[in-house]
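For what it's worth, UniProt numbering labels the leading residue of the sequence shown as 1, then goes sequentially. Ideal placement from N, C-alpha and C gives every residue a C-beta, glycine not left out. Remember, it's a predicted structure, so these values are computed and weren't measured experimentally.
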Amino acid sequence: MENINKNRLFLASCLALITTAMTFAIRARLETVFGPEGVGLTLEQIGYAFTPAFFGFTLAMIFGGPLVDFLGIKKITWIAFVTHAIGIVWTIMADSMSSLFLATLFVGIGNGMVEAALNPMIASMYTNEKTKMLNRFHVWFPGGIVIGSLVGWLVMDVLGLSWQIMVATLFIPLIIYGGLFYGQNFPVTERVQMGISNKKMFSSIGKPLFLFMMFCMFLTAASELGTTQRIESLLKESVAVPLLVLAFINGIMALGRLFAGPVVHKLKPAGMLLYSAIFTFIGLWLLTVTSGGMTFVAAAVFAIGVTFFWPTMLGFVAEYLPETGALGLSIMGGAGMFSVSLVLPIMGKLMDDANAAEALRTMSVLPAILIVAFIGLNIYMKKRNKTEQA
C-alpha cells in the first residue's frame, strides 16, 4: 500500500458513485419527458428503453470483475469514466426509444465499471472494516440520488429549464472524479494480495452459500431499485412531486449507511439483512394504501428497509467468501442490476394495464420471500459460527 493515497482514492470513488447515482434520479425524471405526455412512449416502452442501464451494468460488472484482476483497478476505472462521458452526451441528444436505449446502455456500462473497480478497491484498502467501509462508500448511492432528484426538481420544475440542461449537470461530478483519480497509484485487489489462484476463485463462485446470496441479490435489488426507478409513475396519483419522495427515501438511506458501523457490530450482516427485508415488505405494503403526507411515512419505512440491502450483501460476500475476489463482488452487483432490468418492463405493463397499487403489491412479494430466506441464513450462520468456535 506504499504511495497510495487512500483518502483521495476513497473521495474519488465516492464522486464516481455520485455520478452513477445521479443518473438513476435523472433517468427517473426523464420518464415523464419521454412518456405519453411528452415524446409519446408508453410506460412499457420506457421500461424497455431503461433496461440497458441495468443489463449494461450487469455485463460491465460480470466482465469487469475478472478484468479488474488482470488489467488492474486503474484501467477499469478509466473505462468507467469514458463510457460515462459517452452515455451522458448521447442522452442529451436522445429523441426516440432507440437513441434513449443506446444512451442508457453506455451509462449502464459506466455505472457497472465503477462498481466493478471500486468495490474490490475499497475491500482491499480496508481489509479489517469491509462491511463498514462499503456501507460508507455506498452512502453516496442514495446521497447521489438525493442530489440528482433535487437537481431535476430545481432545473425543470422550479427554474423551468430544459431536460438537456438537467442531464448536462452530470458532467460536474464526472470531471471532478476524473481529476481526483488522475495520476494516482491504485492498490491491487485483495485476491491478488492473498495469492488466491484463478482456479480457486472460479470454483468458489459455485459454492452453495454464494449461489444463495446471488439469488437473494436478485430480490433485494429489484425491491429497492425497481421501486425507486419508477417512482414518478408509481406515486404520481399519491403526491404532487414524486421526485421529492425519491429524495426523501434516499436521504434516509444515506444517513443510515453513514452510521452503519454500530448496526453491523450489533446485528452482524445476516441480522441486518433480515430486519431490512421486514421493513421493506411493510413499507411497500403501506405505499399501496397511503396518499398525501402519509406517503412520506410509508416511504420512510421502505427507506429503512432498503438502506442496508446493497452494501451489506456485498459486505457479506467480501467477509465470508473472500476467495471469490473481485469476480464474486461483480457477479453479485451484476445479478442485482440484471434483476432490475427484468422487473422494469413488468412493472410498466402492470401500470399500463391496471394501476400503480397493483404494481406495488406485486413488488411486495419479493421482500416477503426474502424474510423467509434471511431467517434461514441467520440460522445457518449461527450454526456455522458455533462449529468454527468449537
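Inspect the beta-carbon positions of residue i and residue j and report whether they are closer than 8 Å.
i      : j      : result
Ala116 : Ser330 : yes
Met253 : Ala303 : yes
Ser341 : Thr20  : no
Met337 : Thr312 : no
Gly152 : Arg29  : yes
Asp95  : Val192 : no
Lys349 : Glu44  : yes
Glu31  : Glu232 : yes
Leu360 : Leu234 : yes
Ile196 : Gly325 : yes
Leu100 : Ala49  : yes
Thr131 : Val264 : yes
Leu284 : Thr227 : yes
Trp90  : Ala80  : no
Gly40  : Leu105 : no
Taking its Cβ as the centre, do 16 or more other Cβ atoms sit within 10 Å of residue i, making it buried, or is it exposed?
i           : result
Tyr177      : buried
Ser238      : buried
Asp353      : exposed
Met351      : buried
Met194      : exposed
Lys266      : exposed
Gly206      : exposed
residue 449 : Outside the modelled stretch of the chain, which goes from 1 to 390, sits residue 449, for which no answer is possible.
Ser98       : exposed
Val167      : buried
Ala247      : buried
Ala123      : buried
Glu388      : exposed
Phe24       : buried
Thr189      : buried
Leu314      : buried
Arg136      : buried
Gly179      : exposed
Gly376      : exposed
Out of the options, which has the shortest C-alpha to C-alpha gap to residue i?
i      : options                        : result
Val107 : Ser197, Phe54, Val68           : Phe54
Asn198 : Glu323, Ile4, Ile346, Thr51    : Glu323
Met61  : Phe374, Met381, Leu327         : Leu327
Leu287 : Ser364, Thr19, Gly315, Ala221  : Ser364
Pro187 : Glu31, Ile73, Met166           : Ile73
Thr42  : Pro345, Ile109, Met381         : Pro345
Pro269 : Ile249, Phe296, Gly293, Phe308 : Phe308
Val301 : Val155, Tyr275, Ile369         : Tyr275
Gly110 : Leu321, Phe101, Val82          : Val82
Ile86  : Ala25, Leu174, Gly376          : Leu174
Asn378 : Phe316, Val245, Met97          : Phe316
Ile371 : Met22, Thr127, Ile278, Asn355  : Ile278
Ala12  : Phe210, Met121, Glu190         : Met121
Met156 : Gly56, Ile26, Asn128, Ile145   : Ile26
Ser223 : Lys383, Tyr182, Met125, Ala368 : Ala368
Ile145 : Trp90, Leu255, Trp285          : Leu255
Met214 : Asn7, Leu67, Gly56, Phe374     : Phe374
Arg113 : Leu67, Lys383, Ala335, Asn185  : Note on residue identity: the sequence assigns Met, not Arg, to residue 113. For Met113, the nearest C-alpha among the options comes from Leu67.
Asn185 : Gly261, Thr220, Asn7           : Asn7
How many Å lie between residue i and residue j at the Cα?
i      : j      : result
Gly333 : Thr58  : 7 Å
Lys386 : Trp163 : 56 Å
Asn5   : Ser339 : 36 Å
Asn119 : Gly143 : 17 Å
Ile249 : Gly64  : 30 Å
Ile18  : Leu9   : 14 Å
Leu225 : Gly251 : 15 Å
Lys75  : Val306 : 32 Å
Trp78  : Leu170 : 17 Å
Glu319 : Phe202 : 17 Å
Pro208 : Ala240 : 46 Å
Asn3   : Gly183 : 12 Å
Val33  : Leu159 : 16 Å
Cys14  : Leu134 : 11 Å
Phe212 : Ile172 : 39 Å
Gly47  : Met347 : 8 Å
Phe281 : His138 : 22 Å
Met125 : Gly35  : 44 Å
Thr295 : Ser204 : 43 Å
Lys236 : Pro242 : 6 Å
Ala221 : Val343 : 10 Å
Can you confirm whether residue i, when its beta carbon is compared against all beta carbons of chain D, has any partner nearer than 8 Å?
i      : result
Phe141 : This model lacks chain D altogether, as it is built from one protein chain only.
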